[in-house]
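All remarks here apply to the structure that follows.
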Amino acid sequence: MAGNEALRIRDVKTILTAPDGINLVVVKVETNEPGLYGLGCATFTQRYLAVAAAIDEYLRPFLIGKDPSRIEDIWQTAMVSSYWRNGPVLNNAISGIDMALWDIKGKVAGMPVYDLLGGKCREAAAVYRHADGATLQQLEENVIRYREQGYQYIRCQWGGYGGKQQAMHTPEGAAAGAYYDADAYARSVPAMFEHIRSKVGFDVELLHDIHERVAPIEAVRLAKQLEPYRLFFLEDPLAPEDLEWFRMIRQQSSTPIAMGELFVHPQEWVPLIQNRLIDFIRCHISAIGGLTPARKLAVLCEAFGVRTAWHGPGDVSPVGHAANLHLDLSSLNFGVQEWYGPSELIRVVFPGTPEVRGGFAYLNGKPGLGVELDEKLAAKYPAVNKLPAWTLARRPDGTSARP
Ligand code: MG
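Just add 134 to the spot in the sequence shown (first one is 1) and you have this note's numbering.
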């Protein structure tokens, strides 16, 4: 900063990159102090160009000249600056800015973001990995492999979501798509856990993701049927459109429920938490607007005995994974962290990507979020605009379905 000049946002850049073939959106907020900038994750991989336009065309001019230390004020004013709000594109755009501002604040303070949030409650975050398999034997081998690597939490999925399209009884002329059979899938889940528990016992936490693939009443039945297998949680049993059904699941089973990766609006999560209808909140932090709303959500959950399990797939950049972990380390009510296993290439493009050892994810303790981006290298792996085929889901009779 020159002389006594106040700290200001000098520029905002959107960086689109896909080192692992997954389109990532990273935001760089630059200040008038040479070398002082922040990075944030704004990844909405299926609509990354729309997020980039929201940042470049609307938020960049809105932010230039503002004081980057005023995170709360910037978040609130940016959120209402479009009047219409709480959609995934604009939330992701604001998240990229918001995380970058927390990164800057940490760098100015000389502290990791978890220290700004109250300090560590734990040294590292327990993570869960995804074990799957076309056969139960394959799945069992993958579960055992993860256990041997020190993972204490393992998500089990068997054979996709049921059935092969060529074996389905589809009508003539049925449209192309990613077909699945919800009934075959629902019947397979209790059988899968019967097998896995009989092989590995109960000394490991097992999880499962329904991915909102079944009818609501089937989700009620599954939650009941899975009780004997003592899941750590059952994820996304219902779609955000069917939230009223959570009460029925709760009334009929004690299987712990995790929900929220598709949430974008506070009124989706507040009633579930307030009425104690879920056990874990697992929002995609960039899809709800960044660290600022996520830390408030974590505190709200703490008051109601709900734990956190933030969404952590491959379509979150390492900057976003670090943001998850800063909250994990500083939240009393942290539950578990989803971990996708970044490639070596991702680690080179994003120096400082968190590391996992013995089933725990560690941050590097550097000021801010602690993750950097090699922009020149990132440019060698450009994002590609292609239709994600898995989102074109259909039921066996050809009807469009939720992916
Ligand atoms: Mg999920």
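For each residue, glycine too, the CB sits at the ideal point set by N, CA and C.
Can you pull the DSSP bridge partners for residue i?
i    : result
K147 : K162
W292 : G267
I415 : M393 and T442
R528 : Y313 and S534
E489 : Y496
L173 : K162
Over what stretch of residues does the alpha helix (DSSP H) that includes residue i continue unbroken?
i    : result
A234 : P222 to A243
C481 : Note on identity: in this sequence residue 481 is Arg, with Cys being the wrong assignment. Taken as a continuous stretch (DSSP letters only), the alpha helix (DSSP H) holding R481 covers E478 to V483.
A212 : I205 to V214
D317 : A316 to V334
V185 : Y182 to A187
D343 : Per DSSP, D343 belongs to no alpha helix (DSSP H); it is in the beta strand (DSSP E), E339 to D343.
L250 : V247 to L250
Q385 : F380 to Q386
C435 : L425 to A437
A513 : E509 to A513
I407 : P400 to Q408
Below 7 Å CB to CB, which residues in the same chain sit around residue i once its five sequence neighbours on both sides are set aside?
i    : result
K358 : Q386 and S387
R194 : V146
D449 : I156, T177 and T179
L396 : P374
M245 : P501
A546 : No answer is possible for residue 546: it lies beyond the span of the chain, which begins at 135 and ends at 537.
F336 : R364
A259 : L459, D462, L463, F468, Q471, F494 and A495
D531 : T304 and P305
L406 : L377, F380, M393 and I412
F196 : A212 and S215
L526 : G311 and A312
G293 : A268 and S322
Considering just the uninterrupted stretch of the beta strand (DSSP E) at residue i, what are its terminal residues?
i    : result
D370 : Looking at the DSSP string, D370 is not in any beta strand (DSSP E), and its letter there is neither H nor E.
Does residue i come out as helix, strand or coil in the three-state DSSP assignment?
i    : result
Q471 : strand
L365 : coil
Y287 : strand
S465 : coil
V261 : strand
Y192 : helix
P168 : coil
G502 : strand
P350 : helix
D449 : coil
Y280 : helix
L377 : helix
A140 : coil
W218 : coil
K358 : helix
E275 : helix
T304 : coil
I422 : helix
L197 : helix
N458 : helix
A523 : helix
Which same chain residues end up closer than 6 Å to residue i when comparing Cβ atoms and leaving out the 5 residues on each side of it in sequence?
i    : result
W379 : P350 and L372
R384 : L411
D237 : G172, L173, G502 and L503
Q291 : D266
E478 : none
P447 : Y474
F414 : F367, A392, R441, A443 and G469
If you drop the 5 nearest sequence neighbours on each side, which residues of the same chain put their C-beta closer than 8 Å to that of residue i?
i    : result
E361 : S387, S388 and T389
T487 : P452, H455, A456, P476, I480, R481 and V505
C417 : G394, E395, F397, W403, A428, L431, W444 and H445
G499 : P246
Any heavy atom of the ligand SAM within a distance shorter than 7 Å of the CB on residue i?
i    : result
A357 : Ligands in the displayed structure: the ligand MG; the ligand SAM is not one of them.
Exercise for the section: Please write down, chain order preserved, every residue whose beta carbon lies under 6 Å from a heavy atom of the ligand MG. Expected result: Result (chain order): D343, H345, E369, D370 and E395.
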